[in-house]
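If you read the sequence shown in the working numbering, its first letter stands for residue 360, the second for the next number, and so on. For glycine and all other residues, C-beta sits at the position ideal for the given N, C-alpha and C.
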Amino acid sequence: MANSRSAQIPVVVLAGFLGSGKTTLLNHLLHRSGGSRIGAVVNDFGSIEIDAMAVAGALGDSTVSLGNGCLCCAVDASELDTYLARLAAPAAGIDVIVIEASGLAEPQELVRMVLASEQPEIMYGGLVEVVDAAEFDDTRARHPEIDRHLALADLVVVNKLDRAPHADRVLGLVRELTEGAVLPATYGRIDPEFLFDCRPGEERVGQLSFDDLHSHDGHEGDGEPDAHAAHLHSAYDTLSFTSDTPMDPRALMRFLDGRPEGLYRIKGYVDFGAHDPANRYAVHAVGRFLRFRPEPWPPGADRLTQLVLIGTGIDADALGKELDAGRGTADETDEQAMWGVLRYVPGSEDEPGTP
(Lines of atoms letter the chains of each structure in order from A and count residues from 1; the text may use other names and numbers.)
(Lines give C-alpha, C1' and ligand atoms only; values in the text may rest on other atoms or scores of the structure.)
Protein backbone atom coordinates (compact mmCIF):
# COMPACT_ATOMS: atom_id res chain seq x y z
CA MET A 1 0.00 0.00 0.00
CA ALA A 2 2.63 2.49 -1.04
CA ASN A 3 1.73 6.16 -0.84
CA SER A 4 2.32 8.56 -3.68
CA ARG A 5 5.31 10.70 -2.81
CA SER A 6 3.13 13.77 -3.41
CA ALA A 7 0.65 12.67 -0.73
CA GLN A 8 1.02 13.59 2.93
CA ILE A 9 2.37 10.80 5.11
CA PRO A 10 0.08 9.85 8.02
CA VAL A 11 1.57 9.99 11.51
CA VAL A 12 -0.11 7.50 13.84
CA VAL A 13 0.27 7.84 17.62
CA LEU A 14 0.53 4.39 19.25
CA ALA A 15 -0.16 4.70 22.97
CA GLY A 16 -1.05 2.47 25.89
CA PHE A 17 -0.23 1.91 29.53
CA LEU A 18 2.92 0.14 30.76
CA GLY A 19 3.24 -3.36 29.35
CA SER A 20 0.09 -3.25 27.24
CA GLY A 21 1.97 -4.68 24.25
CA LYS A 22 2.73 -1.67 22.06
CA THR A 23 6.19 -2.87 21.00
CA THR A 24 4.87 -6.36 20.25
CA LEU A 25 2.10 -4.87 18.13
CA LEU A 26 4.52 -2.61 16.26
CA ASN A 27 6.94 -5.45 15.58
CA HIS A 28 4.05 -7.59 14.31
CA LEU A 29 3.09 -4.84 11.89
CA LEU A 30 6.69 -4.35 10.74
CA HIS A 31 7.03 -8.01 9.80
CA ARG A 32 3.67 -8.11 8.04
CA SER A 33 3.52 -4.73 6.37
CA GLY A 34 3.63 -6.10 2.83
CA GLY A 35 5.03 -3.50 0.47
CA SER A 36 4.57 -0.60 2.89
CA ARG A 37 7.56 1.04 4.57
CA ILE A 38 7.12 2.14 8.17
CA GLY A 39 9.09 4.79 10.03
CA ALA A 40 8.98 4.83 13.82
CA VAL A 41 9.67 7.26 16.63
CA VAL A 42 10.14 5.21 19.82
CA ASN A 43 9.96 7.00 23.17
CA ASP A 44 11.33 4.87 26.04
CA PHE A 45 10.88 5.84 29.68
CA GLY A 46 14.31 5.22 31.15
CA SER A 47 17.94 5.71 30.16
CA ILE A 48 18.24 2.26 28.52
CA GLU A 49 16.22 2.25 25.32
CA ILE A 50 14.83 -1.30 25.51
CA ASP A 51 11.85 -0.73 23.23
CA ALA A 52 14.01 0.99 20.62
CA MET A 53 16.35 -2.02 20.65
CA ALA A 54 13.40 -4.34 20.04
CA VAL A 55 12.16 -2.30 17.08
CA ALA A 56 15.49 -1.27 15.52
CA GLY A 57 16.26 -4.70 14.10
CA ALA A 58 13.17 -4.53 11.91
CA LEU A 59 13.40 -0.86 10.96
CA GLY A 60 17.10 -0.16 10.73
CA ASP A 61 17.72 3.48 9.83
CA SER A 62 13.98 4.19 9.80
CA THR A 63 13.93 4.21 13.62
CA VAL A 64 14.26 7.37 15.69
CA SER A 65 14.77 6.81 19.41
CA LEU A 66 13.85 9.39 22.04
CA GLY A 67 14.97 7.81 25.30
CA ASN A 68 15.30 8.78 28.96
CA GLY A 69 12.30 11.04 29.12
CA CYS A 70 8.66 11.54 28.28
CA LEU A 71 7.97 12.96 24.85
CA CYS A 72 4.60 14.34 25.89
CA CYS A 73 6.31 16.77 28.28
CA ALA A 74 8.49 18.43 25.64
CA VAL A 75 7.85 22.15 25.91
CA ASP A 76 9.54 22.70 22.54
CA ALA A 77 8.30 20.20 19.96
CA SER A 78 10.92 21.23 17.42
CA GLU A 79 13.01 18.10 18.07
CA LEU A 80 10.07 15.85 17.19
CA ASP A 81 9.35 18.01 14.16
CA THR A 82 12.95 17.55 12.99
CA TYR A 83 12.67 13.78 13.20
CA LEU A 84 9.30 13.77 11.43
CA ALA A 85 10.83 15.83 8.62
CA ARG A 86 13.67 13.34 8.28
CA LEU A 87 11.33 10.35 8.13
CA ALA A 88 8.96 12.13 5.73
CA ALA A 89 11.71 13.08 3.27
CA PRO A 90 11.03 11.61 -0.20
CA ALA A 91 14.40 9.81 -0.15
CA ALA A 92 13.29 7.75 2.86
CA GLY A 93 10.41 6.26 0.88
CA ILE A 94 8.25 5.90 3.99
CA ASP A 95 4.50 5.34 3.73
CA VAL A 96 3.43 5.74 7.36
CA ILE A 97 5.12 7.01 10.55
CA VAL A 98 4.29 5.50 13.93
CA ILE A 99 5.09 7.30 17.18
CA GLU A 100 5.30 4.59 19.85
CA ALA A 101 4.78 6.49 23.08
CA SER A 102 6.23 5.48 26.41
CA GLY A 103 3.85 3.60 28.68
CA LEU A 104 3.47 6.70 30.84
CA ALA A 105 2.86 9.27 28.12
CA GLU A 106 -0.21 11.48 27.77
CA PRO A 107 -1.74 10.61 24.36
CA GLN A 108 -3.56 13.94 24.24
CA GLU A 109 -0.28 15.84 24.32
CA LEU A 110 1.30 13.67 21.62
CA VAL A 111 -1.68 14.25 19.34
CA ARG A 112 -1.38 17.98 20.01
CA MET A 113 2.29 17.90 19.04
CA VAL A 114 1.58 16.12 15.76
CA LEU A 115 -1.24 18.53 14.91
CA ALA A 116 1.09 21.44 15.69
CA SER A 117 3.80 20.15 13.36
CA GLU A 118 4.96 22.62 10.72
CA GLN A 119 5.97 19.85 8.31
CA PRO A 120 3.78 20.02 5.18
CA GLU A 121 4.74 16.44 4.24
CA ILE A 122 2.85 14.88 7.15
CA MET A 123 -0.71 14.65 8.43
CA TYR A 124 -2.18 13.38 11.70
CA GLY A 125 -3.19 9.77 11.09
CA GLY A 126 -5.08 8.94 14.28
CA LEU A 127 -4.59 7.68 17.84
CA VAL A 128 -4.29 3.94 18.47
CA GLU A 129 -4.59 2.99 22.14
CA VAL A 130 -3.46 -0.50 23.24
CA VAL A 131 -5.20 -1.98 26.27
CA ASP A 132 -3.97 -4.90 28.39
CA ALA A 133 -7.19 -6.87 28.90
CA ALA A 134 -5.66 -8.97 31.69
CA GLU A 135 -4.65 -5.88 33.71
CA PHE A 136 -7.48 -3.57 32.66
CA ASP A 137 -9.35 -3.46 35.97
CA ASP A 138 -6.18 -2.80 37.96
CA THR A 139 -5.09 -0.15 35.45
CA ARG A 140 -8.38 1.73 35.74
CA ALA A 141 -8.27 1.55 39.54
CA ARG A 142 -4.71 2.88 39.60
CA HIS A 143 -5.18 5.47 36.86
CA PRO A 144 -8.79 6.46 36.15
CA GLU A 145 -7.52 8.91 33.52
CA ILE A 146 -7.18 5.86 31.24
CA ASP A 147 -10.90 6.33 30.55
CA ARG A 148 -10.11 9.72 29.04
CA HIS A 149 -7.37 8.21 26.88
CA LEU A 150 -9.84 5.69 25.50
CA ALA A 151 -12.36 8.43 24.77
CA LEU A 152 -9.76 10.15 22.55
CA ALA A 153 -8.76 7.02 20.63
CA ASP A 154 -9.67 6.38 17.01
CA LEU A 155 -8.80 2.68 17.34
CA VAL A 156 -8.51 0.67 20.56
CA VAL A 157 -6.64 -2.65 20.42
CA VAL A 158 -7.77 -4.80 23.34
CA ASN A 159 -4.70 -7.00 23.70
CA LYS A 160 -3.95 -10.18 25.71
CA LEU A 161 -7.51 -11.43 25.60
CA ASP A 162 -6.15 -14.97 25.98
CA ARG A 163 -5.02 -14.06 29.50
CA ALA A 164 -8.12 -12.11 30.58
CA PRO A 165 -10.48 -14.15 32.81
CA HIS A 166 -13.48 -12.00 31.78
CA ALA A 167 -12.58 -11.06 28.21
CA ASP A 168 -16.15 -10.38 27.05
CA ARG A 169 -16.79 -8.03 29.97
CA VAL A 170 -13.58 -6.09 29.27
CA LEU A 171 -14.44 -5.80 25.57
CA GLY A 172 -17.91 -4.53 26.42
CA LEU A 173 -16.58 -1.98 28.87
CA VAL A 174 -13.99 -0.66 26.42
CA ARG A 175 -16.69 -0.26 23.77
CA GLU A 176 -18.67 1.86 26.24
CA LEU A 177 -15.64 4.07 26.92
CA THR A 178 -14.62 4.88 23.35
CA GLU A 179 -16.24 6.18 20.20
CA GLY A 180 -13.44 4.66 18.14
CA ALA A 181 -13.23 1.20 16.65
CA VAL A 182 -12.45 -1.66 19.08
CA LEU A 183 -10.26 -4.51 17.87
CA PRO A 184 -9.72 -7.70 19.93
CA ALA A 185 -6.19 -9.11 19.78
CA THR A 186 -3.71 -11.53 21.29
CA TYR A 187 0.07 -11.02 21.11
CA GLY A 188 -0.59 -7.71 19.32
CA ARG A 189 -1.60 -9.49 16.13
CA ILE A 190 -3.78 -7.19 14.06
CA ASP A 191 -4.14 -6.66 10.33
CA PRO A 192 -1.72 -3.85 9.31
CA GLU A 193 -4.53 -2.24 7.32
CA PHE A 194 -6.26 -1.31 10.58
CA LEU A 195 -3.27 0.82 11.54
CA PHE A 196 -2.41 2.24 8.14
CA ASP A 197 -6.01 3.13 7.32
CA CYS A 198 -6.77 4.57 10.76
CA ARG A 199 -8.14 8.04 10.08
CA PRO A 200 -9.79 10.29 12.64
CA GLY A 201 -13.17 11.69 11.66
CA GLU A 202 -13.29 15.41 10.87
CA GLU A 203 -15.46 16.14 13.89
CA ARG A 204 -13.05 14.37 16.29
CA VAL A 205 -9.99 16.09 14.84
CA GLY A 206 -11.75 19.41 15.22
CA GLN A 207 -12.53 18.68 18.85
CA LEU A 208 -9.00 17.52 19.57
CA SER A 209 -7.30 20.41 17.86
CA PHE A 210 -8.99 23.20 19.83
CA ASP A 211 -10.17 23.08 23.45
CA ASP A 212 -8.93 19.55 24.22
CA LEU A 213 -5.51 20.13 22.72
CA HIS A 214 -5.00 23.79 23.47
CA SER A 215 -3.44 23.19 26.88
CA HIS A 216 -2.32 20.46 29.24
CA ASP A 217 -4.79 18.88 31.65
CA GLY A 218 -4.62 20.20 35.15
CA HIS A 219 -4.09 23.82 34.13
CA GLU A 220 -7.53 25.01 35.10
CA GLY A 221 -7.97 27.09 38.23
CA ASP A 222 -5.90 29.76 39.87
CA GLY A 223 -2.16 29.77 39.47
CA GLU A 224 -0.13 27.64 37.10
CA PRO A 225 0.41 24.15 38.53
CA ASP A 226 3.23 22.09 37.14
CA ALA A 227 1.86 20.38 34.03
CA HIS A 228 4.55 17.73 34.26
CA ALA A 229 3.29 16.67 37.69
CA ALA A 230 -0.22 16.10 36.33
CA HIS A 231 0.93 13.37 33.98
CA LEU A 232 0.88 9.63 34.62
CA HIS A 233 4.63 9.28 34.99
CA SER A 234 4.91 11.84 37.80
CA ALA A 235 3.99 9.12 40.32
CA TYR A 236 6.54 6.65 38.97
CA ASP A 237 10.22 5.99 39.58
CA THR A 238 12.55 4.28 37.14
CA LEU A 239 15.75 2.30 37.63
CA SER A 240 18.11 1.46 34.77
CA PHE A 241 20.51 -1.43 35.45
CA THR A 242 23.44 -2.51 33.27
CA SER A 243 25.96 -5.27 33.94
CA ASP A 244 28.82 -6.55 31.79
CA THR A 245 29.11 -9.53 34.14
CA PRO A 246 26.64 -12.41 33.53
CA MET A 247 23.79 -12.78 35.98
CA ASP A 248 23.26 -15.69 38.36
CA PRO A 249 19.95 -17.30 37.28
CA ARG A 250 19.01 -18.37 40.79
CA ALA A 251 19.76 -14.95 42.27
CA LEU A 252 17.79 -13.16 39.56
CA MET A 253 14.78 -15.44 40.10
CA ARG A 254 14.90 -14.76 43.85
CA PHE A 255 14.83 -11.06 43.01
CA LEU A 256 11.95 -11.42 40.55
CA ASP A 257 9.90 -13.74 42.75
CA GLY A 258 10.27 -11.31 45.66
CA ARG A 259 9.78 -8.07 43.76
CA PRO A 260 7.69 -5.50 45.65
CA GLU A 261 4.07 -4.82 44.80
CA GLY A 262 4.85 -1.32 43.55
CA LEU A 263 7.35 -2.59 40.96
CA TYR A 264 4.89 -2.66 38.11
CA ARG A 265 7.03 -3.06 34.97
CA ILE A 266 10.36 -4.76 34.16
CA LYS A 267 11.78 -5.05 30.66
CA GLY A 268 15.14 -5.69 29.10
CA TYR A 269 17.72 -8.35 28.27
CA VAL A 270 19.67 -10.72 30.53
CA ASP A 271 23.02 -12.38 29.94
CA PHE A 272 23.29 -15.70 31.80
CA GLY A 273 26.82 -16.30 30.56
CA ALA A 274 27.95 -19.93 30.44
CA HIS A 275 24.49 -21.16 31.39
CA ASP A 276 23.37 -20.31 27.85
CA PRO A 277 26.20 -18.65 25.90
CA ALA A 278 24.29 -18.69 22.60
CA ASN A 279 21.32 -16.63 23.79
CA ARG A 280 20.34 -13.51 25.63
CA TYR A 281 16.99 -13.59 27.45
CA ALA A 282 14.40 -10.90 26.86
CA VAL A 283 12.49 -10.39 30.10
CA HIS A 284 9.08 -8.77 30.47
CA ALA A 285 7.14 -8.39 33.69
CA VAL A 286 3.83 -6.60 34.14
CA GLY A 287 2.38 -6.72 37.64
CA ARG A 288 2.84 -10.32 38.75
CA PHE A 289 3.08 -11.64 35.19
CA LEU A 290 6.57 -12.68 34.08
CA ARG A 291 7.98 -14.02 30.84
CA PHE A 292 11.44 -14.79 29.46
CA ARG A 293 12.21 -15.29 25.79
CA PRO A 294 15.63 -16.63 24.66
CA GLU A 295 16.97 -15.17 21.43
CA PRO A 296 20.36 -15.41 19.71
CA TRP A 297 22.84 -12.67 20.49
CA PRO A 298 22.94 -10.16 17.63
CA PRO A 299 26.24 -10.37 15.73
CA GLY A 300 28.84 -8.14 17.33
CA ALA A 301 26.58 -7.17 20.25
CA ASP A 302 28.13 -6.45 23.64
CA ARG A 303 27.31 -9.19 26.15
CA LEU A 304 25.37 -7.04 28.60
CA THR A 305 22.43 -7.36 30.95
CA GLN A 306 20.27 -4.27 30.48
CA LEU A 307 17.09 -3.83 32.51
CA VAL A 308 14.61 -1.01 33.08
CA LEU A 309 12.41 -1.17 36.19
CA ILE A 310 9.40 1.13 36.61
CA GLY A 311 7.27 1.39 39.71
CA THR A 312 5.71 3.58 42.34
CA GLY A 313 6.89 3.84 45.92
CA ILE A 314 9.93 1.68 45.17
CA ASP A 315 13.39 2.01 46.71
CA ALA A 316 15.46 2.22 43.53
CA ASP A 317 18.78 2.18 45.38
CA ALA A 318 17.87 -0.99 47.29
CA LEU A 319 16.62 -2.71 44.13
CA GLY A 320 19.83 -1.77 42.34
CA LYS A 321 21.91 -3.29 45.14
CA GLU A 322 19.87 -6.50 44.97
CA LEU A 323 20.53 -6.76 41.25
CA ASP A 324 24.22 -6.00 41.78
CA ALA A 325 24.42 -8.89 44.26
CA GLY A 326 23.20 -11.27 41.56
CA ARG A 327 26.09 -10.72 39.20
CA GLY A 328 28.10 -13.79 38.17
CA THR A 329 27.96 -15.79 41.40
CA ALA A 330 26.44 -19.01 40.02
CA ASP A 331 28.26 -22.32 39.79
CA GLU A 332 28.57 -22.83 36.04
CA THR A 333 28.44 -26.62 36.54
CA ASP A 334 25.01 -26.34 38.19
CA GLU A 335 22.79 -27.92 35.53
CA GLN A 336 19.63 -26.95 37.40
CA ALA A 337 20.46 -23.26 37.76
CA MET A 338 18.29 -22.24 34.78
CA TRP A 339 15.20 -24.22 35.79
CA GLY A 340 13.58 -21.24 37.52
CA VAL A 341 14.06 -19.09 34.42
CA LEU A 342 12.83 -21.77 32.02
CA ARG A 343 9.54 -22.03 33.91
CA TYR A 344 8.72 -18.63 32.41
CA VAL A 345 9.78 -19.39 28.83
CA PRO A 346 6.73 -20.07 26.63
CA GLY A 347 6.54 -23.54 25.12
CA SER A 348 7.03 -24.07 21.42
CA GLU A 349 3.25 -23.98 20.95
CA ASP A 350 3.08 -20.41 22.36
CA GLU A 351 3.59 -17.29 20.31
CA PRO A 352 6.52 -15.29 21.71
CA GLY A 353 6.13 -11.63 22.42
CA THR A 354 6.00 -8.86 24.92
CA PRO A 355 3.40 -9.63 27.61
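- Looking at G632, E535, R624 and P466, the one whose alpha-carbon comes closest to that of T671 is R624.
- Straight-line measurement puts the Cα of T604 at about 27 Å from the Cα of R647.
- When DSSP reads this structure, R624 sits in a beta bridge with V645 and I669.
- When the five nearest sequence neighbours on each side are left out, the beta carbons in the same chain lying within less than 6 Å of the beta carbon of P653 are those of N638 and Y640, in order along the chain.
- Following the DSSP letters along the chain, one finds M472 inside the alpha helix (DSSP H) bounded by residues P466 to L474.
- With a beta-carbon spacing of about 5 Å, R396 and D454 fall inside the 8 Å limit used to define contacts.
- Judged by DSSP secondary structure, P369 falls within the beta strand (DSSP E) whose first and last residues are I368 to G375.
- Where M482 is concerned, the enclosing beta strand (DSSP E) starts and stops at I481 to D491.
- Separation of the CB atoms of L469 and A475 is rounded to 11 Å, and the pair is thereby denied contact status at 8 Å.
- When secondary structure is reduced to three states using DSSP, F600 falls in the strand class.
- Within its own chain, the residues whose Cβ lies closer than 6 Å to the Cβ of H387, once the five positions on either side in sequence are excluded, are G547 and R548, listed in chain order.
- In the DSSP assignment, A399 falls outside any alpha helix (DSSP H) and within the unbroken beta strand (DSSP E) covering I397 to V401.
- Taking 8 Å as the cut-off, the Cβ atoms of L678 and L668 count as close.
- Short of 6 Å from the beta carbon of G380, and not among the five residues preceding or following it, lie these beta carbons of its own chain, in chain order: V489, N518, G547 and T713.
- Around the beta-carbon of L598, 16 or more other beta-carbon atoms lie within 10 Å, marking it buried.
- In the DSSP assignment, P449 falls outside any beta strand (DSSP E), carrying neither H nor E.
- Setting aside the 5 residues that flank it on each side, F651 is surrounded in the same chain by Y640, V642, V700, Y703 and V704, each with a C-beta closer than 6 Å to its C-beta; the list follows chain order.
- Pairing V370 with P449, the inter-Cα distance amounts to about 15 Å.
- Here the stretch 629–637 does not lie against the stretch 480–494, with fewer than 3 beta-carbon pairs under 8 Å apart.
- The straight-line gap separating the alpha-carbon atoms of D676 and T601 is approximately 14 Å.
- By the C-beta density criterion, T382 is buried, having at least 16 other C-beta atoms within 10 angstroms.
- Setting aside the 5 residues that flank it on each side, R522 is surrounded in the same chain by A493, each with a C-beta closer than 6 Å to its C-beta; the list follows chain order.
- In its chain, beyond the 5 residues on either side, G398, I453 and I456 have a beta carbon closer than 6 Å to the beta carbon of L446.
- Residue environment: K680 is assigned as exposed (fewer than 16 neighbouring CB atoms within 10 Å of its CB, all protein chains considered).
- Bridge pairing for I505: absent [DSSP].
- DSSP, read as helix, strand or coil, puts R652 in strand.
- DSSP places E535 in the uninterrupted alpha helix (DSSP H) bounded by A526 to L536.
- The C-beta separation of A540 from L520 comes to about 16 Å, leaving the pair out of contact by the 8 Å criterion.
- Going by C-alpha positions, L611 is about 51 Å away from A366.
- A direct Cα-to-Cα measurement between A512 and L532 gives close to 14 Å.
- In this structure, the beta-carbon distance from G627 to I673 does not fall below 8 Å.
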